[in-house]
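Q: With my numbering as the guide, the letters of the sequence shown map in order to residues 695 to 899.
Don't be surprised by glycine CBs; every beta carbon is placed ideally from N, CA and C.
Small disclaimer: the values here were computed from a predicted structure and weren't measured.
Could you have a look at this structure, given as structure tokens, before my questions?
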Amino acid sequence: MQHVPRSPYARALGSRLDELHPRLRSYFSPLPEGCIGVGEGVFRRVGTPRRWLWRFLKPLHDRGVVYAGWQMAVPFRITNRLVSTRLVGERDFLIPGQEWRMSDAVSLTPHGRIVDELGEPSIVAASFDVDVDDGALMLTSHRVGVRLGRRRIRVPRALSPVIRLRESFDDASDRQRVAVTIDMPLLGRIYEYSGDFTYRIEEDA
């Protein structure tokens, strides 16, 4: 029987995994047993410069979903763990005067879409269509839901934010690049972060 990769990204991509840049294939492939993935780098910008949005984003900030503010040149650290079939990530933003953590858990639906549950405990879930563009991984949100108590409510498409992620590798700098944007109908861009980092696999202490 053919082995099916446990990484949700590798399973979603299937044979298209080979279209990724070789360094990204390693990043999105299964982690060896007993190991974690660690990334360290700098975000050029994080959050939104539209100050009036900060108070509306604060409840999500407190649950580790999005950063309610606007910062430039923010050092950060990523820690990835494969727990059963889910890729669990923690992103520590070293913002001046504070340290803020974003938490998420990525899994795969039976329909082959990536689902990212955000927050600790999870409060937002988004399903994504997966694509490869010139060696980079591209995610575009398909549906977004919000958890209220034990209920998960789908946001109507007409009101739903559009979340896009591009993960690429730059050979010139030997660094991995990531860019995430969130756009709302009528409001436009409400959140973003982008930067670059180095990545390594090490034993989980």
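Across the stretch 878-896 and the stretch 832-846, are there enough close Cβ pairs to call them in contact, namely three or more that are closer than 8 Å?
A: The stretch 878-896 is not in contact with the stretch 832-846.
Q: Between the alpha carbons of residue 695 and residue 802, how many angstroms are there, rounded?
A: By 1-based counting over the sequence shown, the position of residue 695 is 1. By 1-based counting over the sequence shown, the position of residue 802 is 108. Low per-residue confidence applies at residue 695: pLDDT is 39, beneath 50, and the placement is therefore not dependable enough to give any value.
Q: Buried or exposed: residue 746, going by 16 or more other Cβ atoms within 10 Å of its Cβ?
A: On the sequence shown, position 52 is the one that residue 746 refers to. By the 10 Å Cβ count, residue 746 comes out exposed.
Q: Would you mind giving the Cβ-Cβ distance between residue 740 and residue 887, rounded to the nearest angstrom? I have them listed as a contact below 8 Å.
A: The residue labelled residue 740 in the question sits at position 46 within the sequence shown. The residue labelled residue 887 in the question sits at position 193 within the sequence shown. Yes, they are in contact, since the Cβ atoms of residue 740 and residue 887 sit about 4 Å apart, within 8 Å.
Q: Within a Cβ cutoff of 6 Å, which residues of the same chain sit near residue 715, ignoring the five residues on either side of it in sequence?
A: Sequence index remark: in the sequence shown, residue 715 carries index 21 (1-based). Result list for residue 715: 829, 863, in chain order.
Q: Please report the straight-line C-alpha distance between residue 847 and residue 807, rounded to a whole angstrom.
A: On the sequence shown, residue 847 is found 153 positions in, with the first residue counted as 1. On the sequence shown, residue 807 is found 113 positions in, with the first residue counted as 1. Residue 847 and residue 807: Cα-Cα distance of roughly 18 Å.
Q: What did DSSP end up calling residue 708 once you bin it into helix, strand or coil?
A: Residue 708 sits at position 14 when you count from the first residue of the sequence shown. Correct three-state label for residue 708: helix.
Q: Whole angstroms are fine: how far does the CA of residue 773 sit from the CA of residue 766?
A: Residue mapping note: residue 766 aligns to position 72 of the sequence shown, counting from 1. Residue mapping note: residue 773 aligns to position 79 of the sequence shown, counting from 1. Rounded to the nearest angstrom, the two C-alpha atoms are 21 Å apart.
Q: Which residue marks the beginning of the beta strand (DSSP E) containing residue 753, and which one marks its end?
A: Your numbering for residue 753 matches position 59 in the sequence shown. Counting along the chain, residue 753 falls outside any beta strand (DSSP E), though it belongs to the alpha helix (DSSP H) covering 748-756.
Q: Sorted by chain position, which residues of the same chain lie with C-beta nearer than 7 Å to residue 729's C-beta, five sequence neighbours on each side aside?
A: Translated into the one-based positions of the sequence shown, residue 729 becomes position 35. Taken in chain order, the residues that qualify are 895, 896, 897, 898.
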